[in-house]
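S.K.: Residue numbers (my numbering), protein chains in the order written: chain R, 42 to 381; chain E, 42 to 381. Let me give you the structure first, and then I'll get to my questions.
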DNA sequence: GATGCGGATGCAATCGATTGTGATTTCTTG
DNA sequence: CAAGAAATCACAATCGATTGCATCCGCATC
């Protein structure tokens with residue numbers, strides 16, 4: 042039990058504790074680190090003293106000396122979509138899993154929401170000396186900057202796409218295959234005119250759209266209709282509503298670039314008196330927890346976020362340890378529920 | 042062993058740059074900090090040199106010396122609800138706003154998901170010397186620990202309840218009033234037997250339930266039925282489904298402790314063939330973005346999360362600056378949509 | 001020409017923990 | 001009993017940036 046001390050932290054430094062114990066600071070340091078070089082008895086004595094006074098070593102000093110910070114940066118680059126992205130459920134779900142995996146391994150997590158206006162935004166982060174490694178959530182439109190840094194800074198892992206010749210380590214799902222899965226499912230159900238909802242500047246979304254297009258072409262159907270829809274939350278619904286009002290009679294099936302877009306689409310279609318999947322089937326992307334809660338439940342392309350997060354952390358630790366870790370693409374999987 | 046590249050980072054320290062510029066390290070430090078003590082011309086020269094070589098000062102060293110870290114800890118204590126809480130949309134939304142406010146002010150954000158098994162979990166955080174301040178998201182069942190630390194550590198602000206005699210600064214909404222609003226709304230619509238969905242160990246939820254009870258008593262109605270429902274995501278739906286199956290014929294209105302619970306309830310009721318609000322009206326709590334996306338749209342008690350986040354950050358900065366900042370409770374507001 | 005003053009810079013202490021090296025003591029062992 | 005091996009601990013250097021103080025120069029003033 043820590044009871045109120047007369048002074049506001051009488052023993053703050055190793056030296057304080059050392060004086061109290063009648064030994065040198067070095068010995069205290071070793072004792073607290075459970076090194077075998079100190080006499081077991083003095084070690085116990087010092088540890089007891091430390092506990093009694095609620096002593097905790099200053100992390101800044103320790104980190105400066107050891108050049109290890111125990112902190113991993115989790116960075117969300119917002120190249121386009123400048124608005125608050127952090128509330129996006131996909132980021133959040135991934136972030137939750139990353140936080141779990143990192144804390145289990147004794148690392149802390151520093152979160153940065155970065156709007157890459159300065160060209161050296163990533164350099165600034167990795168060279169700050171505060172981080173043992175960096176995880177990027179999404180590549181946004183910053184492939185160049187990421188590649189440039191990755192060439193010399195090893196402990197960097199991104200969630201996103203793996204393009205041919207890519208230097209940096211990325212974990213992600215086969216977005217092209219995922220787009221194909223979604224479109225093929227719709228086509229098998231008799232859909233002929235597919236609309237794809239999503240904004241193409243992010244490489245993942247672009248790949249999903251490419252997959253949809255490939256499937257449509259392979260089936261000999263007319264090219265899909267691509268409709269921009271931004272994740273900036275307050276605009277999204279109106280944007281989709283406008284798209285639907287204008288194009289609904291020219292389409293008979295929708296692939297959404299994400300579950301959030303799909304969910305909003307369900308909402309909009311309900312407002313416009315369309316039934317899903319009766320009038321228009323809708324397929325989402327991600328399989329977030331909320332896909333189970335919509336009415337009707339979302340048919341969607343699943344990305345295994347938990348596994349992905351684990352893979353990112355594993356790869357990062359490998360790289361921190363000096364070993365090499367390759368990129369990884371996971372196969373997506375179609376989860377059929379009620380919306381298509 | 043790090044492979045010694047000839048040009049890996051030729052200039053890593055102030056001393057390196059100083060040698061290059063033909064001045065002392067002190068001068069470089071002052072030049073980069075734009076101090077007026079150095080000759081404007083040398084200052085420009087040094088800054089140009091720094092930019093050219095991509096020099097960034099080591100933050101650890103700087104922080105150790107200045108005793109300022111520029112990092113705010115955002116801590117989510119999981120006293121009960123040991124499962125991954127971070128995906129909870131309420132936390133995430135609040136976290137997003139906090140991240141915005143903190144980064145605008147030049148602070149970084151360190152995220153900790155803490156399971157308070159050690160009694161001194163909070164001491165460990167505030168005494169680590171890594172943080173300029175701490176924001177707690179929720180008080181969980183850790184009021185005692187928070188109070189103990191707050192008595193001696195000023196830059197600490199929590200989201201949550203303000204109880205009589207409370208020492209620590211908390212920002213939150215009037216949960217009792219919010220519960221009342223929800224219940225009164227239902228009662229005005231003719232509901233007589235209200236069920237409250239939520240687990241009472243967290244003080245906020247408890248207060249909401251107390252509000253419901255007060256409104257029910259004031260109307261002379263039978264006591265509300267309280268049904269435990271945990272946020273651990275995979276269990277929640279089954280739990281609620283079981284509650285509904287067992288109690289649905291004894292209730293004719295539901296107040297959910299959060300929007301997430303409400304949304305799941307909508308889903309469960311749809312499965313059981315009940316219409317909302319026709320058969321059972323449902324009121325949520327929080328007014329998260331997703332409340333707009335459900336079918337039917339959620340009637341809910343709004344907490345202004347953006348304003349709350351801003352208030353937390355303002356209070357924290359005031360306390361960091363040595364000024365005192367009082368707790369604040371914001372009035373909740375009933376947002377009537379389609380679910381009740 | 002000596003004094004004074006302010007501007008610009010160098011010097012060295014400092015933040016607090018870690019760790020290699022060496023000193024002292026105690027324990028072995030031939 | 002002497003010499004070497006452990007065991008234990010103190011000393012001091014180190015991580016890299018910051019900052020109070022001393023120093024040096026140039027120039028104006030008396």
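Ideal placement from N, C-alpha and C gives every residue a C-beta, glycine not left out.
List the whole-angstrom C-beta distance separating residue 217 of chain E from residue 252 of chain E, where the pair is believed to meet the contact cut-off of C-beta under 8 Å.
M.R.: Residue 217 of chain E to residue 252 of chain E, Cβ: 4 Å. Contact.
S.K.: Who are the neighbours of residue 130 of chain R on chain E, taking C-beta pairs under 9 Å?
M.R.: In chain order: 128, 130, 133 and 331.
S.K.: Which stretch, first to last residue, makes up the alpha helix (DSSP H) that contains residue 248 of chain R?
M.R.: Start and end: 244-259.
S.K.: For the alpha helix (DSSP H) that residue 111 of chain E lies in, which residues bound it at each end?
M.R.: Here residue 111 of chain E belongs to no alpha helix (DSSP H), and DSSP marks it neither H nor E.
S.K.: Any idea what DSSP makes of residue 154 of chain E, helix, strand or coil?
M.R.: If DSSP states are grouped into helix, strand and coil, residue 154 of chain E belongs with the strands.
S.K.: Going along chain R, which residues have a C-beta under 8 Å from residue 80 of chain E?
M.R.: Chain R residues near residue 80 of chain E: none, gap ~27 Å exceeds 8 Å.
S.K.: Going by beta carbon distance, what residues of the same chain come within less than 6 Å of residue 118 of chain R, once the five residues before and after it are set aside?
M.R.: Correct list, in chain order: 155, 157, 181 and 183.
S.K.: Using the beta-carbon of each residue, which ones in chain E are nearer than 7 Å to residue 105 of chain R?
M.R.: Simply 101, 102 and 105.
S.K.: If you scan the stretch 327-376 of chain E from start to end, which runs of the alpha helix (DSSP H) of 4 or more residues do you find wholly inside it?
M.R.: Here the runs fully enclosed are 346-361.
S.K.: What did DSSP end up calling residue 87 of chain E once you bin it into helix, strand or coil?
M.R.: Looking at residue 87 of chain E - three-state DSSP - the assignment turns out to be helix.
S.K.: If you follow the alpha helix (DSSP H) that residue 296 of chain E is in, where does it begin and where does it stop?
M.R.: Note, residue 296 of chain E: premise wrong, no alpha helix (DSSP H); beta strand (DSSP E) at 294-297.
S.K.: Tell me whether residue 309 of chain R is buried or exposed, calling it buried when 16 or more other Cβ atoms sit within 10 Å of its Cβ.
M.R.: It counts as buried.
S.K.: On the premise that residue 322 of chain R lies in contact with residue 286 of chain R, defined as a C-beta separation below 8 Å, what is that separation, rounded to the nearest angstrom?
M.R.: Not confirmed; about 19 Å, so no contact.
S.K.: Below 8 Å on C-beta distance, what does residue 153 of chain E contact in chain R?
M.R.: Near residue 153 of chain E (Cβ distances below 8 Å), the residues of chain R are 144, 149 and 150.
S.K.: What's the call for residue 112 of chain E, buried or exposed, on a 16-neighbour Cβ count within 10 Å?
M.R.: Residue 112 of chain E comes out buried.
S.K.: In the stretch 154-187 of chain R, which residues sit with their C-beta less than 8 Å from some C-beta in chain E, listed in chain order?
M.R.: Hits within the stretch, in order: 154, 161, 164, 165, 168, 169, 170 and 171.
S.K.: Quick one: is residue 348 of chain R near chain E, going by C-beta distance under 8 Å?
M.R.: Not an interface residue.
S.K.: Between residue 107 of chain E and residue 172 of chain E, which are expected to be in contact by the criterion C-beta below 8 Å, what is the C-beta distance as a whole number of angstroms?
M.R.: About 14 Å separates the two Cβ atoms, so there is no contact after all.
S.K.: DSSP has residue 235 of chain E in a bridge; who is on the other side?
M.R.: Paired residue(s): E/294.
S.K.: Going by C-alpha distance, which of E/347, E/80 and E/343 is nearest residue 373 of chain E?
M.R.: Looking at the Cα atoms, E/343 is the closest of the given residues.
S.K.: Does any residue of chain R have a CB that is nearer than 8 Å to the CB of residue 351 of chain E?
M.R.: No, residue 351 of chain E does not count as interfacial toward chain R.
S.K.: Could you check which residue in E/237, E/91 and E/178 has the C-alpha nearest to that of residue 269 of chain E?
M.R.: Nearest C-alpha to residue 269 of chain E: E/237.
S.K.: First and last residue of the alpha helix (DSSP H) that includes residue 264 of chain R?
M.R.: Per DSSP, residue 264 of chain R belongs to no alpha helix (DSSP H) and is neither H nor E.
S.K.: Please report how far the alpha carbon of residue 146 of chain R lies from the alpha carbon of residue 357 of chain R, in whole angstroms.
M.R.: Whole-angstrom Cα-Cα distance: 12 Å.
S.K.: Take residue 92 of chain R as the anchor and find which of E/354, E/65 and E/160 has the nearest alpha-carbon.
M.R.: Selected option, being the one with the closest Cα: E/160.
S.K.: For residue 305 of chain R, go through chain E and note every residue whose CB falls closer than 7 Å to its CB, in chain order.
M.R.: The answer, in chain order, is 334.
S.K.: Taking only the alpha-carbon atoms, compute the straight-line gap between residue 346 of chain E and residue 224 of chain R and give it to the nearest angstrom.
M.R.: Looking at the two C-alpha atoms, the distance is approximately 38 Å.
S.K.: May I have the straight-line CA-CA distance separating residue 151 of chain E from residue 138 of chain E, to the nearest angstrom?
M.R.: If you take the alpha carbons of residue 151 of chain E and residue 138 of chain E, they lie about 14 Å apart.
S.K.: Rounding to the nearest angstrom, what Cα-Cα distance links residue 44 of chain R and residue 73 of chain R in this structure?
M.R.: Since pLDDT at residue 44 of chain R reaches only 38, below the 50 mark, its modelled position is unreliable, and no value is offered.
S.K.: So, is residue 304 of chain E buried or exposed, given that buried needs 16 or more other C-beta atoms within 10 angstroms?
M.R.: Buried, by the Cβ-count rule.
S.K.: Helix or strand or just coil, what does DSSP make of residue 268 of chain E?
M.R.: Strand.
S.K.: Please tell me whether residue 308 of chain E has its Cβ less than 8 Å away from any Cβ of chain R.
M.R.: It does: the Cβ of residue 308 of chain E has a partner Cβ on chain R nearer than 8 Å.
S.K.: Please list the terminal residues of the continuous beta strand (DSSP E) segment that includes residue 214 of chain R.
M.R.: First-last of the beta strand (DSSP E) with residue 214 of chain R: 210-214.
S.K.: Assign residue 221 of chain R to buried or exposed, taking buried as 16 or more other Cβ atoms, counted over all protein chains shown, within 10 Å of its Cβ.
M.R.: Buried, since its Cβ has 16 or more Cβ neighbours within 10 Å.
S.K.: Going by the beta-carbon positions, is the gap between residue 219 of chain E and residue 249 of chain E smaller than 8 Å?
M.R.: Against a cut-off of 8 Å, the Cβ pair of residue 249 of chain E and residue 219 of chain E comes out as a contact.
S.K.: Anyone know if the C-beta pair for residue 376 of chain R and residue 340 of chain R falls short of 8 Å?
M.R.: Going by C-beta atoms, residue 376 of chain R is nearer than 8 Å to residue 340 of chain R.
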